[in-house]
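Here the structure comes first, spelled out in structure tokens, and everything after it is commentary.
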Amino acid sequence: MLQTRRCGELSEADDDTEQTLCGWLQETRNLGGIAFLQLRDSTGIAQLTLPKKKVGEDNFKVWTAIARESTLRVTGTVKANQEAPNGLELVPTELEVLNAAATPLPLGVVDRIESEIETRLNARYLDLRRPEVAAFFRIRAAISGAVHNHLRREGFLEVQTPKIIASATEGGTALFPVQYFDREAYLAQSPQLYKQVLMSGGLDRVYEVGPAFRAEEHNTPRHLNEFISIDIEMSWADDDDVMGVMERLVATCAESVSQEAEALTALEMAPLEVELPLPRITYDEAIEIASAKADIAWGDDLSMEATRAIAEQYGGFYFITKWPLSLKPFYIQAEGEKHSKGFDFMFREVEMTSGGQRVHDVALLELRLREQGLDPKEFGHYLEPFRYGMLAMVFSGAQNVRECVLFPRDRNRLTP
RNA sequence: GCCCCGAUAGUGUAGUGGCCUAUCAUGCAGCCUUGUCGAGGCUGCGACCCGGGUUCAAAUCCCGGUCGGGGCGCCA
Numbered sequence: 057m058l059q060t061r062r063c064g065e066l067s068e069a070d071d072d073t074e075q076t077l078c079g080w081l082q083e084t085r086n087l088g089g090i091a092f093l094q095l096r097d098s099t100g101i102a103q104l105t106l107p108k109k110k111v112g113e114d115n116f117k118v119w120t121a122i123a124r125e126s127t128l129r130v131t132g133t134v135k136a137n138q139e140a141p142n143g144l145e146l147v148p149t150e151l152e153v154l155n156a157a158a159t160p161l162p163l164g165v166v167d168r169i170e171s172e173i174e175t176r177l178n179a180r181y182l183d184l185r186r187p188e189v190a191a192f193f194r195i196r197a198a199i200s201g202a203v204h205n206h207l208r209r210e211g212f213l214e215v216q217t218p219k220i221i222a223s224a225t226e227g228g229t230a231l232f233p234v235q236y237f238d239r240e241a242y243l244a245q246s247p248q249l250y251k252q253v254l255m256s257g258g259l260d261r262v263y264e265v266g267p268a269f270r271a272e273e274h275n276t277p278r279h280l281n282e283f284i285s286i287d288i289e290m291s292w293a294d295d296d297d298v299m300g301v302m303e304r305l306v307a308t309c310a311e312s313v314s315q316e317a318e319a320l321t322a323l324e325m326a327p328l329e330v331e332l333p334l335p336r337i338t339y340d341e342a343i344e345i346a347s348a349k350a351d352i353a354w355g356d357d358l359s360m361e362a363t364r365a366i367a368e369q370y371g372g373f374y375f376i377t378k379w380p381l382s383l384k385p386f387y388i389q390a391e392g393e394k395h396s397k398g399f400d401f402m403f404r405e406v407e408m409t410s411g412g413q414r415v416h417d418v419a420l421l422e423l424r425l426r427e428q429g430l431d432p433k434e435f436g437h438y439l440e441p442f443r444y445g446m447l448a449m450v451f452s453g454a455q456n457v458r459e460c461v462l463f464p465r466d467r468n469r470l471t472p
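Spelled out as structure tokens, the structure:
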């Protein structure tokens with residue numbers, strides 16, 4: 057057995073027993089006649105205490121010279137001691153360096169200095185060793201679990217569709233071309249076309265959680281060129297039904313995240329309260345609110361400036377419903393003359409995703425397509441993909457999506 | 001793709017034409033120190049993004065590039 061305890065698992069009951077621990081050497085405090093080493097793994101920190109007389113001159117010299125963030129395996133006797141952190145320490149008899157860390161580190165794991173996200177991403181393997189960084193991924197995982205549980209409970213079937221596709225299925229988004237043997241192919245920007253086929257195939261409630269790729273050259277704290285999307289499609293439903301699914305889904309996520317007390321504490325983040333039903337404001341109302349603070353007229357898309365004004369009144373999640381037909385894709389159903397059954401799902405000033413009721417009449421669909429000068433053989437979908445990173449960002453309080461993605465792909469970043 | 005702002009030791013920063021042989025912290029290296037937990041003390045190491053230009057003189061001013069931050073656009 058490589059280890060007999062995790063670093064965070066030592067207890068009073070282990071007093072005077074021999075144990076073996078593995079972990080990263082977080083810090084060494086050498087006081088001359090005695091030294092303290094902090095050994096860390098994902099469960100916590102154990103203090104190794106090295107009284108020079110007990111461990112011997114030679115061991116003392118070698119063991120206190122090990123570079124920070126090296127990986128160690130250490131065996132010794134556990135001692136309960138009031139002066140030790142958590143009241144426990146381990147006095148080593150054997151200490152093996154599994155891997156010595158390079159020095160100096162590109163990034164201090166426990167240093168007081170806060171590095172820029174750019175530096176951190178370049179040394180992500182070190183960055184992730186910080187509890188507040190790992191916390192983002194605990195929250196992400198909590199959301200992931202909640203999404204699957206919830207949608208399954210509501211009768212949605214999880215599906216996986218191809219990520220290598222033959223042609224640009226949508227007119228708008230730039231795709232990444234890839235070489236597929238001797239043909240050109242693309243990385244999928246959305247599962248929409250396949251979801252569409254599944255609806256026809258009788259799987260009338262499906263969802264997919266998977267990667268999506270968009271070759272857009274934007275550079276914002278919210279956009280990535282590769283992201284994990286939560287994509288939902290349901291038949292026999294109108295825009296209200298879809299909003300119902302979305303708000304219940306988000307409420308389940310909030311509930312699940314609120315149980316991640318340790319991660320939230322590390323992030324200094326209060327759990328988000330989601331009270332159902334979420335507010336629904338119409339586009340017309342949104343324009344009225346926004347026009348007091350922003351230069352905006354009916355028929356305009358809502359700028360960041362406009363949504364900030366709205367966010368002053370709606371602090372959490374909410375829907376903006378009944379958008380002008382002209383601002384929504386051709387496949388969204390009309391409501392009256394100028395309005396549509398399309399909605400945006402918002403968190404404060406940020407658009408999380410959008411959705412709506414689709415036009416199911418093929419003739420009408422083709423007419424609307426031609427009006428927009430598009431090819432009628434293309435189809436739409438009920439719900440724009442939900443970006444995982446965005447949910448994680450909101451629930452963790454991150455200022456940049458890159459925080460919530462292990463190895464983000466953006467305009468300039470392809471490694472690590 | 002457009003606009004505004006920025007780039008200085010491993011990391012984070014100070015420095016607005018000569019006082020820069022470039023500040024401070026952290027780190028790293030060495031020495032001292034038997035209860036550290038943001039350990040402490042002493043000594044040392046280490047940097048002006050790249051390419052042009054202006055000037056007697058450039059980290060500092062100008063032009064181009066690269067990269068980063070914010071906003072916009074794009075994301076039917």
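Mapping to our numbering: the first sequence position 402 is 458, numbers consecutive.
C-beta: ideal position from N, C-alpha, C; glycine also.
Model, not experiment: these values are computed from the prediction.
How would you write the range of the beta strand (DSSP E) that residue i sits in, first residue to last?
i    : result
D287 : 282-290
A198 : Note, A198: premise wrong, no beta strand (DSSP E); alpha helix (DSSP H) at 187-209.
F92  : 90-97
D114 : First-last for D114: 113-119, but that is the alpha helix (DSSP H), not the beta strand (DSSP E).
R261 : 261-269
P333 : Careful: P333 lies outside any beta strand (DSSP E) and carries neither H nor E.
M408 : 406-412
Whose C-alpha, out of the options, is nearest the C-alpha of residue i?
i    : options                : result
E296 : E311, R336, T308       : Going by the sequence as given, residue 296 is Asp instead of Glu. Out of E311, R336, T308, R336 has the C-alpha closest to the C-alpha of D296.
N468 : K378, R208, H274       : H274
D72  : L81, E214, N137        : N137
A342 : R129, E368, V166, L81  : E368
E324 : V189, E152, R185, L177 : V189
G415 : E65, Q252, L151, V234  : In the sequence as displayed, the identity of residue 415 is Val instead of Gly. Comparing Cα-Cα distances from V415 to each of E65, Q252, L151, V234, the minimum goes to Q252.
T149 : N178, F116, R465       : F116
L332 : F375, V234, A362       : F375
W292 : E282, L184, S256, G88  : S256
A213 : M290, G89, F269        : It should be pointed out that residue 213 corresponds to Leu in this sequence rather than to Ala. If we check each option's Cα against that of L213, M290 comes out closest.
K135 : E391, D466, P233, D70  : D70
N142 : S98, E68, P107, E344   : E68
T471 : D351, E174, I388, R196 : E174
Would you kindly report the start and end of the unbroken alpha helix (DSSP H) that includes residue i?
i    : result
G300 : 295-314
Y242 : Element bounds for Y242: not the alpha helix (DSSP H) but the beta strand (DSSP E), 239-243.
I173 : 173-178
A317 : 317-322
Helix, strand or coil, according to DSSP, for residue i in the structure here?
i    : result
D501 : Since the first residue shown for the chain is 57 and the last is 472, residue 501 is missing from the structure and cannot be characterised.
E440 : Per-residue confidence for E440 stands at a pLDDT of 47, beneath the threshold of 50, marking its modelled position as unreliable; no derived number is given.
W80  : strand
K135 : strand
E391 : strand
R61  : coil
V253 : helix
Q369 : coil
R85  : strand
F105 : For the sequence presented, residue 105 should be read as Thr rather than Phe. The answer is strand: DSSP assigns T105 an E or B state.
I169 : coil
M360 : helix
I343 : helix
D70  : helix
F435 : Any reading at F435 is ruled out, since the residue's pLDDT is 38, under 50, leaving its predicted position unreliable.
When we look at the beta-carbon of residue i and count the other beta-carbons within 10 Å, is it buried (16 or more) or exposed?
i    : result
K378 : buried
E240 : exposed
F192 : buried
K109 : exposed
G412 : buried
E393 : exposed
A319 : buried
P162 : exposed
R208 : exposed
A202 : buried
I221 : buried
W80  : buried
S410 : buried
Below 9 Å between beta carbons: does that hold for residue i and residue j?
i    : j    : result
I199 : S312 : yes
L58  : T76  : yes
A156 : S126 : yes
R261 : E303 : no
R404 : G453 : no
Y263 : I288 : yes
V301 : L334 : no
T363 : A348 : no
P380 : G355 : yes
V147 : T84  : no
A504 : A244 : A query on residue 504 cannot be resolved here, the shown segment of the chain reaching from 57 to 472 and no further.
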